[in-house]
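Numbering (the numbering used here), first residue to last: -3 to 405.
What follows is one structure encoded as structure tokens, with my remarks underneath.
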Amino acid sequence: MNYYRYEGHTLCAWEALPYERIGALPGEGEIIFLFAREMLTGRETFPVTDAALLTEKEGVETLDASTPGPAIPAELEEAIRTGRVRAVNRLHPRWQELLSPPSRRGKYRVNLLGLGDVGSTLLQGLRLLGGDIIASIGICDLRENVPQRWEFELNQIGLPWAYDALPPVEIIGPEELFDGDVFLFCASRFVPDTAVKDGDVRMAQYELNRELAALYAKKARAARYKGLFCVVSDPVDPLCRAVLLESNRDENGTLDGGGLFPHQVKGFGLGVMNARAAYYAKRDSRFAEFLTDGRSFGPHGEDLVIANSISHYDDALSRELTDLAAHANLEMRRMGFKPFVAPALSSGALSLLLCLRGQWHCSSAYLGGVFMGGRNRMTPGGVEFERLPLPRALLDRLKETEEKLKAIQ
């Protein structure tokens, strides 16, 4: 391992680099591990929590804590143990921006686009539960009187004598959507009505919603947006990938790295899948272990992966529970209702608030070229995925899901 100083930063890398060499790592302060990978094929920066992450390789195998790491100097191992090491991809054209990530203080200004069933329900959750972390919520919808309705309604929800306890709701124009810290994309050009009771209703929305998501991705690029771009609309995970890539295309359609960094884009669809698995686990003792040792991975859709247990993984039980969770939306449609309340609150409001607080939650983040759902948290150094010793059968399922997500264009 080589150590360097560069513009006030301490760097380390496996290869020789043209920077000032130093003989040892300092005993305090951040250490940046530089790696080399084609831009936008994985995370561009992330916290290094294990020596196994000191590599340019990334994919679902990254989630497996049983993967052995390389032999490294004791001083670097200690720096990793104390949370002082972060990785940066030196092949990203704007890698120097990543050396000093912006620090933030105070509450977040959240802006929400699309006040349909999901957007308006999510908004209610943020208003009621987000007072500790949200400064204000800007709302935008192009339909007449829709934002006026929700501003009027929600600002009349309040605690007696604690009139500033809940974040205020404000109407904003489309040109203001990227003036805040968090942008929530809840807009949709097509949502199947309740007559649709089978099939993949999420992917049925992809083409039309992709065009809309790409439009706002380009707006984020034009605004040089530095906040979070959070996708809630279906299909969540493919739309996240479209947002990331389209924001990084120039006027000729060439990928140039001039848009959003991967850690700025998050998908909020896994929370309800995890909650649905828990719903069924509470009602069938065969699945009970999910409540203490289970995990959810993958997209908000057909390629979801539920593990009944990490320690005592049962592939057949896990696949059965996965099927129940993935198709709970169709059960609601058979009752004659659109399934939007649980997704808006479990995947949307509750998961987003955990994310903003820096707590572990279920969402999708960029990993090895796709947006992969899993337990993760937002840190000053980027997204940290939970790493566990994964059973081989579970890892095989994750690889299959990864390949299917890569195939979606």
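Beta carbons are placed, not taken as given, at the ideal position from N, Cα and C, and that holds for glycine.
Below 8 Å on the Cβ atoms is my contact criterion, and I expect residue i with residue j to pass it. Report the Cβ-Cβ distance as a whole number of Å.
i	j	result
Leu317	Ala273	6 Å
Gly134	Glu172	6 Å
Leu30	Leu49	About 13 Å; that fails the 8 Å criterion.
Ser360	Pro258	About 11 Å separates the two Cβ atoms, so there is no contact after all.
Arg371	Cys358	6 Å
Gly38	Gly364	5 Å
Ala340	Thr117	4 Å
Phe42	Val337	Actually they are not in contact, since the Cβ atoms of Phe42 and Val337 sit about 34 Å apart, beyond 8 Å.
Asp162	Cys136	Position check: residue 162 holds Leu in this sequence, whereas Asp was assumed. In fact, because the Cβ distance is near 20 Å, the residues do not count as touching under 8 Å.
Trp146	Leu119	6 Å
Gly223	Val178	6 Å
Leu36	Asp233	Not really, about 16 Å apart at Cβ, beyond 8 Å.
Val81	Leu95	That belief does not hold up - the Cβ atoms of Val81 and Leu95 are roughly 14 Å apart, past 8 Å.
Which stretch, first to last residue, makes up the alpha helix (DSSP H) that contains residue i?
i	result
Ala274	Leu266 to Arg279
Ala218	Tyr202 to Ala218
Leu363	Premise fails: Leu363 lies in the beta strand (DSSP E), His357 to Leu363, not in any alpha helix (DSSP H).
Asp395	For the sequence presented, residue 395 should be read as Lys rather than Asp. Arg388 to Ala403 is the extent of the alpha helix (DSSP H) around Lys395.
Cys351	Ser347 to Leu352
Cys422	One cannot answer for residue 422 here, as it falls past the ends of the chain, which runs -3 to 405.
Leu124	Asp113 to Leu125
Val142	Val142 to Leu150
In the DSSP assignment, find the beta strand (DSSP E) that holds residue i and state where it starts and stops.
i	result
Ala131	Ile130 to Cys136
Glu380	Gly378 to Phe381
Ala173	Position check: residue 173 holds Leu in this sequence, whereas Ala was assumed. Premise fails: Leu173 is in no beta strand (DSSP E) and is neither H nor E.
Leu224	Leu224 to Val227
With a threshold of 16 other CB atoms inside 10 Å of the CB of residue i, please say whether the residue is buried or exposed.
i	result
Leu300	buried
Ser347	buried
Glu24	exposed
Asn248	exposed
Phe293	buried
Met368	buried
Thr78	exposed
Met331	exposed
Phe286	buried
Glu398	buried
Leu394	buried
Trp356	exposed
Lys235	A quick correction: the sequence has Leu, not Lys, at residue 235. Leu235 is buried by the Cβ-count criterion.
Glu16	exposed
Phe333	exposed
Asp392	exposed
Lys262	buried
Ser343	buried
Thr250	exposed
Asn141	exposed
Tyr159	exposed
Since residue i sits in a beta bridge, which residues does DSSP pair it with?
i	result
Cys8	Tyr(-1) and Phe29
Ser406	Residue 406 lies beyond the residue range present for the chain, which begins at -3 and ends at 405; the question has no answer from this structure.
Ala20	Answer is none; Ala20 lacks a bridge partner.
Glu166	Gly134
Lys262	Cys226
Asn107	Gly134 and Phe179
Thr375	Gly378
Phe367	Tyr362
Ala161	BP columns for Ala161 are empty, so no partner.
Leu384	Asp60
Glu251	In the sequence under discussion, the amino acid at residue 251 is Leu, which differs from the Glu named in the question. Arg245, per the DSSP bridge assignment.
Leu95	According to DSSP, Leu95 bridges with nothing at all.
Leu155	Ala158
Does the beta carbon of residue i fall short of 7 Å from some heavy atom of the ligand COA?
i	result
Arg123	Ligands are entirely absent from the displayed structure, and the ligand COA is therefore not among its contents.
ask   = Residue ranges of each beta strand (DSSP E) run of no fewer than 3 residues wholly in the segment 304 to 340, ordered along the chain?
value = Qualifying beta strand (DSSP E) stretches: none in this window.
key: beta strand (DSSP E) segments (min. 3 residues) lying fully within the segment 33 to 93   = Those beta strand (DSSP E) runs which fall completely within the segment 33 to 93 and span 3+ residues are 41 to 43 and 81 to 85.
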